[in-house]
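K.L.:
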Amino acid sequence: PMEADHKILVKQIHEAYMKNFNMNKAKARLILTGKTSTPQPLIIHDMETFQLAERTLAVHMVSGDYAESDGGVGDRQVFPAVACEELEQREAEARLFHCCQSTSVETVTELTEFAKAVPGFQSLDLNDQVTLLKYGVYEALFTLLASCMNKDGLLVARGGGFITREFLKSLRRPFGDMMEPKFQFATRFNALELDDSDLALFVAAIICCGDRPGLVDVSLVEQLQESIVQALRLHLLANHPDDTFLFPRLLQKLADLRELVTEHAQLVQEIKTNEDTSLHPLLQEIYRDMY
Amino acid sequence: KEKHKILHQLLQNSTSPVDL
Chain Z
1 PMEADHKILV KQIHEAYMKN FNMNKAKARL ILTGKTSTPQ PLIIHDMETF QLAERTLAVH
61 MVSGDYAESD GGVGDRQVFP AVACEELEQR EAEARLFHCC QSTSVETVTE LTEFAKAVPG
121 FQSLDLNDQV TLLKYGVYEA LFTLLASCMN KDGLLVARGG GFITREFLKS LRRPFGDMME
181 PKFQFATRFN ALELDDSDLA LFVAAIICCG DRPGLVDVSL VEQLQESIVQ ALRLHLLANH
241 PDDTFLFPRL LQKLADLREL VTEHAQLVQE IKTNEDTSLH PLLQEIYRDM Y
Chain U
292 KEKHKILHQL LQNSTSPVDL
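From first to last, the protein sequence lines are chains Z and U. To convert, note that position 70 of the first sequence is 70 in my numbering; the numbers rise steadily by one, no gaps. To convert, note that position 8 of the second sequence is 299 in my numbering; the numbers rise steadily by one, no gaps.
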């Protein structure tokens, strides 16, 4: 009976994943390897192609301005001494930062719907559901991001654009430091060659994690986590029979993800403090008193 | 609860990111 139980759970979680995420690894790999009938993504490798992408991929790259009354990204008076070209560059970087935020907000929304479809999640105390999302969404987000990355860049705008790693690296500090650690993680993570069914369980295990700070009913979350982790272990054995150490290697990635999120939260804090830009209210909620 | 208003909202009903 346990065997049957885990198979049902695997199926339910995989279905929830396929239903709720607009992009998945199979889709991303088809686009990245050019094996799709849809148009090739627009390559964004400098400010000029970024601006072209902003115009042509407007629907999915549209960036909201979440500025409060202290002035938005377009407030030219903030940089009175900066030359015009540099100002344009700064504005483009701020817009790019907002595009990243929009994508994050969209993914957090998808992750929430996915979590709700994980059997048992909605039976948890509502405050615990909030806590699990608050601490889990960024780890999950960077896991999903790896599916859209190869060593040269990152698929954006629902596959309509491909932003090069070199271009992201070339941006002014701290923006230029933002993505490089994610590429390094993605290279190591993608070497595990997980498919979407594996990833679905891994993402569910990230979210249903019993050691998040402030959980009300730890043992209930641990029970849920245990059933998902067991399903993941059995599924990996069946799905990757030649790779017996895949499960422990994957569990090690959880520590890398935590480190990646802590580092990311620090960078976002730095941007918030030193740059004339604003943070989406949902992301503010997640980052506030996080670690 | 106030501190995580939007997360609560997302959990209790389907809110499109556009509405946030």
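Even glycine gets a Cβ: it sits at the ideal position worked out from N, Cα and C.
(1) Does the separation of the CB atoms of Arg-258/Z and Glu-139/Z fall below 9 angstroms?
(2) Contact criterion: CB-CB distance below 9 angstroms. Does Lys-180/Z meet it with respect to chain U?
(3) Compare the Cα-Cα distances from Ile-163/Z to each of Leu-96/Z, Val-118/Z, Ala-191/Z, Ile-228/Z and report the closest residue.
(4) What are the boundary residues of the beta strand (DSSP E) that Leu-155/Z is part of?
(5) Assign Tyr-291/Z to buried or exposed, taking buried as 16 or more other Cβ atoms, counted over all protein chains shown, within 10 Å of its Cβ.
(6) Who are the near neighbours of Val-218/Z in its chain, counting only those whose CB is closer than 6 angstroms to its CB and skipping five residues on each side?
(7) Kindly list the residues whose CB is nearer than 7 angstroms to the CB of Thr-112/Z, restricted to its own chain and excluding five residues on each side of it in sequence; keep chain order.
(8) Is the stretch 221-236 of chain Z touching the stretch 195-204 of chain Z, taking contact as three or more C-beta pairs under 8 angstroms?
(9) Could you check what DSSP says for Thr-112/Z in three-state terms: helix, strand or coil?
(10) Look up Gly-161/Z in the DSSP assignment and say whether it is helix, strand or coil.
(11) Hey, how far is the Cα of Arg-173/Z from the Cα of Ala-186/Z?
(12) So does Glu-226/Z have its beta carbon nearer than 8 angstroms to some heavy atom of the ligand ZN?
(13) For the beta strand (DSSP E) that Leu-215/Z lies in, which residues bound it at each end?
(14) I want to verify the contact list: residues of chain U whose CB lies under 8 angstroms from the CB of Lys-116/Z, in sequence order.
(15) When we look at the beta-carbon of Arg-55/Z and count the other beta-carbons within 10 Å, is it buried (16 or more) or exposed?
(16) Can you list, in chain order, the residues of its chain with a C-beta nearer than 6 angstroms to that of Asn-20/Z? Leave out the 5 residues immediately preceding and following it.
(17) Under 7 angstroms, CB to CB, which of the residues in the stretch 28-41 of chain Z have a partner in chain U?
(18) Determine the closest residue to Leu-246/Z out of Leu-254/Z, Leu-236/Z, Ala-255/Z, with distance taken between C-alpha atoms.
(19) Answer with yes or no whether the minimum CB distance from Phe-142/Z to chain U is below 9 angstroms.
(20) Are three or more beta carbon pairs between the stretch 267-277 of chain Z and the stretch 84-104 of chain Z nearer than 8 angstroms?
(21) Pick out whichever of Asp-289/Z, Gly-160/Z, Leu-145/Z has its Cα sitting closest to the Cα of Thr-39/Z.
(22) Is there a C-beta anywhere in chain U that falls below 9 angstroms from the one on Leu-133/Z?
P.N.:
In terms of the structure at hand:
(1) yes
(2) The sequence given here has Glu at residue 180/Z, not Lys. So no, Glu-180/Z is outside the interface.
(3) Leu-96/Z
(4) 153-156
(5) exposed
(6) Gly-210
(7) Leu-133
(8) yes
(9) helix
(10) strand
(11) 21 angstroms
(12) For the structure depicted, the ligand ZN is absent and the ligand set is empty, with no information on it obtainable.
(13) Here Leu-215/Z belongs to no beta strand (DSSP E), and DSSP marks it neither H nor E.
(14) Leu-302
(15) exposed
(16) Glu-110, Glu-113, Phe-114
(17) none
(18) Leu-236/Z
(19) no
(20) yes
(21) Sequence inspection shows Pro at residue 39/Z; the Thr mentioned does not correspond to that position. Per the Cα distances, Gly-160/Z.
(22) yes
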